[in-house]
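Residue numbers (this note's numbering): -9 to 93.
Glycine residues also receive a C-beta, built at the ideal position from the N, C-alpha and C atoms.
All values reported here derive from a predicted model rather than from experimental measurement.
Structure record follows, encoded as structure tokens.
Here it is in structure tokens:
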């Protein structure tokens, strides 16, 4: 199983599978796709219109990982379910927080 993130010099790139229009906002842990790549499962209440679901995902990731919202941005997959979030901060601390999500 691969890690659901890639470490960068000033943070990490987090791979996420987003489900919009859910009943709750939460990160649900790590899932492995059929191709062997891992991603964090996320659910948000926002609808996927005008970037609302992406903004909700950025806020959720920031809150869960303890970083400012300004440190999180969607850098790939803006209109797709599979997204890449760029999160600025201490790569070691962020990777430990994400690994804790996986159980």
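Counted within 10 angstroms of its Cβ, other Cβ atoms place residue i as buried (16 or more) or exposed
| i | result |
| --- | --- |
| residue 89 | exposed |
| residue 86 | exposed |
| residue 26 | exposed |
| residue 34 | buried |
Distance between beta carbons of residue j and residue i, contact taken as under 8 Å
| i | j | result |
| --- | --- | --- |
| residue 50 | residue 15 | 5 Å |
| residue 6 | residue 30 | 5 Å |
| residue 95 | residue 70 | Missing from the structure shown is residue 95; the chain here goes from -9 to 93 and no further. |
Whole-angstrom distance between residue j and residue i, CA atom to CA atom
| i | j | result |
| --- | --- | --- |
| residue 67 | residue -3 | 19 Å |
| residue 75 | residue 43 | 13 Å |
| residue -6 | residue 60 | 21 Å |
| residue 1 | residue 13 | 30 Å |
Host alpha helix (DSSP H) of residue i (start-end)
| i | result |
| --- | --- |
| residue 60 | Segment: none, residue 60 is in no alpha helix (DSSP H) and carries neither H nor E. |
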